[in-house]
Amino acid sequence: MKHYKQLTREQRYQISGLKKAGLNQSQIAAEVGVHKSTISRKFGRNQGRRGWRPRQAQELRDERRKRCVNAQRLSLLEWAEVERLIRMDMSPEQASCRLALECGLRISHETIYVHIYEDKRRGGSLWQHLRCQKPRRKRYTGDQERRGAIKNRIGIDERPGIVDQKSRIGDWEGDTVIGKNHRGALITLAERKSRYILAAQVPGKQASGVTAAIMRLLRPHKDKCYTMTFDNGKEFAEHQTIAAKLDADVYFARPYRSWERGLSENSNGLLRQYSPKAMELIEVTQEQVQWAVDRLNHRPRKVLGFRTPFEIFFGKTVRYTKSPLGVALQN
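Residue numbering for the sequence shown follows this note's numbering, starting at 22 and increasing by one per position.
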């Protein structure tokens, strides 16, 4: 039995932009990656109880004309800045809000979507920087851990309440991203307040290799490491060694409660944009991993007021509208 899945906010923005760009329902469904009936239901719900009416059509046409005029008012240089941010893999919403934050430039994310798909029609490549929605992983239910118990683990129930408040920098969540056919993996660490990400390639999920990778990643930030929260994978069995060397406390989420490590789950999903599940990670270099991590750490986040994880973690301001990732730091 198939279950209907709610559209994400990003998909709704995308659908709205595609509709304004003149695509029909079948074309929109293909671009967004959903069934045509989903698009049909969305449009049907938004027609009003009396269906299509001339007055509504006129209002929509006037809105489209106004949006077109506003888009035409942007200079070529301003559109170049929009495209620069999209090529940095920012979403249209992130690009829109970052432009407003840095330059006072007001352009809606829907207008940016229209521009992206008009660029695609002309053979452009901006659309390739849009993130696609991946299917969710199947989750097991129940509290019983199927992989064996980790010795001397401390449960998340004993973690200090300040960690939940996300009021300080220094509380991390750790997880692993597994490559196709279990060939290679990434160890990922996400700082809870800033959303700053660290990641390293490891040959597999052996505890010794994962421990060494965590030490390499966190040793330069030892002064910003108070707690770590892991899942119950045996790759974290050497947690006491990690805690002793970093002078930090390590806690474990309850089995199969991914929401207790929501940030690491989200961060892994973002990394999947650059390392999809069909990719074997055994041959991925640390330079490639770091390139993807840099993209994410310099991507504005709505939850951070459209500042970037890099800015929050290091307490610096970066101007992204002047250059790509070769950014100029400001005091």
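Using N, Cα and C, we set each Cβ at its ideal position, and we do this for glycine too.
For residue i: DSSP bridge partner residues
i, result
"Ala220", "Thr209"
"Gly176", "Phe273"
"Arg328", "Arg322"
Delimiting residues of the beta strand (DSSP E) encompassing residue i
i, result
"Tyr272", "270-273"
"Val339", "338-340"
For residue i, the three-state DSSP class (helix, strand or coil)
i, result
"Met249", "strand"
"Glu194", "strand"
"Arg189", "coil"
"Arg360", "Residue 360 is absent from the structure shown; the chain starts at 22 and stops at 352."
"Ile199", "strand"
"Arg322", "strand"
"Ile171", "coil"
"Met236", "helix"
"Lys159", "With a pLDDT of 41 at Lys159, under the threshold of 50, the modelled position of that residue is not reliable, and no figure is offered here."
"Leu151", "coil"
"Arg70", "Confidence at Arg70 is low in this model, with a pLDDT of 48, below 50, so its placement is unreliable and the value that follows should be read with caution. Coil."
"Ile183", "helix"
"Ala42", "coil"
"Thr306", "coil"
"Ser296", "coil"
"Tyr34", "helix"
"His56", "coil"
"Gly145", "coil"
"Lys214", "coil"
beta-carbon residue i near the ligand HEM non-hydrogen atom, thresh 7 Å
i, result
"Ile177", "By its list of ligands, the structure shown contains no ligand whatsoever, and the ligand HEM lies outside what it can speak to."
Close Cβ partners of residue i (< 7 Å) along its chain, the five nearest in sequence each way excluded
i, result
"Ala269", "Cys246, Tyr247, Thr248, Met249"
"Cys124", "Thr342"
"Leu238", "Leu210, Leu219, Ala221"
"Ser117", "Ile128, Ser129, His130, Ile133"
"Val53", "Gln32, Gln35, Ile36"
"Gln115", "Arg320, Pro321, Phe327"
"Ile303", "Gly200, Arg204, Gly205, Pro224"
Cβ neighbours of residue i in the same chain (closer than 6 Å, five flanking residues each side left out)
i, result
"Gln309", "none"
"Arg180", "Tyr272"
"Tyr295", "Ala313"
"Lys214", "Lys187, Ile190"
"Asp110", "His150, Arg316"
"Gly144", "none"
Residue i: first and last residue of the uninterrupted alpha helix (DSSP H) it sits in
i, result
"Lys19", "In this structure the chain extends from 22 to 352, so residue 19 is not present and cannot be described."
"Ser47", "46-53"
"Gly283", "283-292"
"Ala101", "97-108"
"Ile137", "130-142"
"Arg119", "113-124"
Close beta carbons around residue i, own chain, < 8 Å, minus the five adjacent residues each side
i, result
"Glu356", "Lying before the first or after the last residue shown, residue 356 is absent from the chain, which here runs from 22 to 352."
"Ala50", "His56, Lys57, Thr59, Ile60"
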